[in-house]
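Student:
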Amino acid sequence: MCTSLSFTSPVALFGRNLDLDVPFGEQVVVTPRNFPFAFHQVPSMPSHFAMIGMACVAEGVPLYAEAVNEKGVYIAGLNFPQNAYYAPLAPSEKTALAPYELIPFLLGQCESLAQARSLLEDISLVAIPFSAGYPLAPLHWHIADQTGSITVESMKDGLNIYENPAGVLTNNPPFPFQMMNLNNYMHLRTSAPVNHFSSSVPLRTYGQGMGAMGLPGDFSPMSRFVKAAFLKCNSVFGKDEFSTVTQFFHILDAVAMVRGSVVTDESRTDITRYSCCIDAKSGVYYYKTYENSCIHAVSLFHEALDSDMLRLFPLSERQQILFENVPSGEKKKGVLNG
17 MCTSLSFTSP
27 VALFGRNLDL
37 DVPFGEQVVV
47 TPRNFPFAFH
57 QVPSMPSHFA
67 MIGMACVAEG
77 VPLYAEAVNE
87 KGVYIAGLNF
97 PQNAYYAPLA
107 PSEKTALAPY
117 ELIPFLLGQC
127 ESLAQARSLL
137 EDISLVAIPF
147 SAGYPLAPLH
157 WHIADQTGSI
167 TVESMKDGLN
177 IYENPAGVLT
187 NNPPFPFQMM
197 NLNNYMHLRT
207 SAPVNHFSSS
217 VPLRTYGQGM
227 GAMGLPGDFS
237 PMSRFVKAAF
247 LKCNSVFGKD
257 EFSTVTQFFH
267 ILDAVAMVRG
277 SVVTDESRTD
287 ITRYSCCIDA
297 KSGVYYYKTY
307 ENSCIHAVSL
317 FHEALDSDML
327 RLFPLSERQQ
337 ILFENVPSGE
347 KKKGVLNG
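Quick look at the structure:
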């Protein structure tokens, strides 16, 4: 359960909510240009574009949930159960990749969305897990840069690539159905509605926001898709970087999962474990976690990008609260003074 967004204007901003009932060892990871990537069935990549994102590092390898490279290409993997399909073998004319290899393979060599799309035309995703302890994750992908975005879904009929004009991705159903469903909400508006009910009945608005009555508010994938798309397409940004980043997080907050609102079949609670926003131009990865709503940032371009060593940034999980009228030397359990 996740929601991914991509903006091309006023600046290229990408990011997502990661909704999950358990942590997966996530931390912000910078992969420099000379960290070697090995693949199962294609040549290794000893050097490549640098990238930053959220990943679990397993056996020394960053397994990215989402990342952006130094050229501003973004990829996020989102849960796609019952629909994702990986072939046991790839056709001989195709480039065979394990699903977890797709992000480093594309981000390592693509300078643009157009280049990524060209490579995807010759890729087949095969059923190879990272290792015995890491089962195959049923995923689809949101890929974007400053020019636009696409959705990539590996299903039984092959690897499908769709233009994504909404710049949004959630989970099921497959992307064409998500876009078709948006037609059911074309009547929504940000301004006050007009009485089309009947000219003989004197109806009028009684509060702000009534133009969007009918906008879904539940946590299902289709509802989150509609709500995120409506908010994204009507978003009004400020003029500086911090205000645009803050606005991005407000959109993600509107489709985030609150502990207790979604309970899994295993009786665990889904929460938005983290939300992130990536400024493609500055290379800054902003994030906040469920337990700490303070926005933290890691800058790709402040790292030694020609290194061959991963840079790991554990998440700051303790809530930070600034007291306005408590002496700075006093501490209270569970909070920090600014």
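The numbering used here puts the sequence shown at residues 17 to 354.
We treat Cβ as the ideally placed atom computed from N, Cα and C, and that holds for glycine.
(1) Starting from methionine 67, trace the beta strand (DSSP E) in both directions and tell me its first and last residue.
(2) Go through the stretch 165-247 residue by residue and report every complete run of the alpha helix (DSSP H) that reaches 4 residues or more, in order.
(3) Only counting the same chain, and skipping five residues up and downstream in sequence, which positions put a Cβ closer than 8 Å to that of serine 60?
(4) Using C-beta distances below 6 Å, list every residue in its chain close to valine 300, excluding the 5 sequence neighbours before and after it, in chain order.
(5) Beta-carbon separation of alanine 83 and leucine 123 under 7 Å?
(6) Take leucine 118 and list the residues in its own chain whose beta-carbon comes closer than 6 Å to its own, dropping the five residues that flank it on each side.
(7) Can you list, in chain order, the residues of its chain whose CB lies under 6 Å from that of valine 217, leaving out five sequence neighbours each side?
(8) Within 10 angstroms of the Cβ of arginine 240, are there 16 or more other Cβ atoms? Answer buried if so, exposed if not.
(9) Can you have a look at valine 38 and say buried or exposed, based on whether 16 or more other CB atoms are within 10 angstroms of its CB?
(10) Sorted by chain position, which residues of the same chain lie with C-beta nearer than 6 Å to glutamine 194's C-beta, five sequence neighbours on each side aside?
(11) Given this structure, state the Cα-to-Cα distance separating histidine 156 from valine 168, to the nearest angstrom.
(12) Tell me which residues share the same chain as valine 27 and place their Cβ nearer than 7 Å to its Cβ, disregarding the 5 neighbours each side in the sequence.
(13) Apart from the five residues just before and just after methionine 226, which ones in its own chain have a Cβ nearer than 6 Å to its Cβ?
(14) Which ranges would you report for the alpha helix (DSSP H) in the stretch 263-315 if only whole runs of at least 4 residues count?
(15) Reducing DSSP to helix, strand and coil, say where threonine 260 ends up.
(16) Check for me: the alpha helix (DSSP H) holding glutamine 131 runs from which residue to which?
Tutor: Let me lay it out:
(1) Within the sequence shown, numbered from 1, the residue matching residue 67 stands at position 51. That run of the beta strand (DSSP E) goes 67-74.
(2) 191-198
(3) Translated into positions along the sequence shown, residue 60 becomes position 44. Counting only Cβ-Cβ distances below 8 Å, and skipping sequence neighbours, we find Pro52, Phe53 and Ala54.
(4) As a working note, residue 300 is residue 284 in the sequence shown. Cβ within range, chain order: Ala313 and Ser315.
(5) As a position in the sequence shown, residue 83 is number 67, starting the count at 1. As a position in the sequence shown, residue 123 is number 107, starting the count at 1. Yes, Cβ-Cβ distance for alanine 83 and leucine 123 is below 7 Å.
(6) Your numbering for residue 118 matches position 102 in the sequence shown. Cβ within range, chain order: n/a, list empty.
(7) Your numbering for residue 217 matches position 201 in the sequence shown. Once the five neighbours on either side are set aside, valine 217 has no close Cβ partner at all.
(8) Numbered from its first residue, the sequence shown carries residue 240 at position 224. Buried: at least 16 other Cβ atoms inside 10 Å.
(9) Looking up residue 38 in the sequence shown gives position 22. Valine 38 is exposed by the Cβ-count criterion.
(10) For the purposes of this step, residue 194 is taken as the residue at position 178 of the sequence shown. Within the same chain, glutamine 194 has close Cβ partners Phe241.
(11) Stepping through the sequence shown from its first residue, residue 156 is reached at position 140. Stepping through the sequence shown from its first residue, residue 168 is reached at position 152. Each residue's Cα considered, the two are about 6 Å apart.
(12) Along the sequence shown, one-based indexing puts residue 27 at 11. Cβ within range, chain order: Thr260, Asp295 and Lys297.
(13) Taking the first residue of the sequence shown as position 1, residue 226 is located at position 210. Pro209, listed in sequence order.
(14) none
(15) In the sequence shown, counting from the first residue as 1, residue 260 sits at position 244. Residue state, collapsed to three classes: helix.
(16) As a working mapping, residue 131 is identified with position 115 in the sequence shown. Element bounds for glutamine 131: 129-136.
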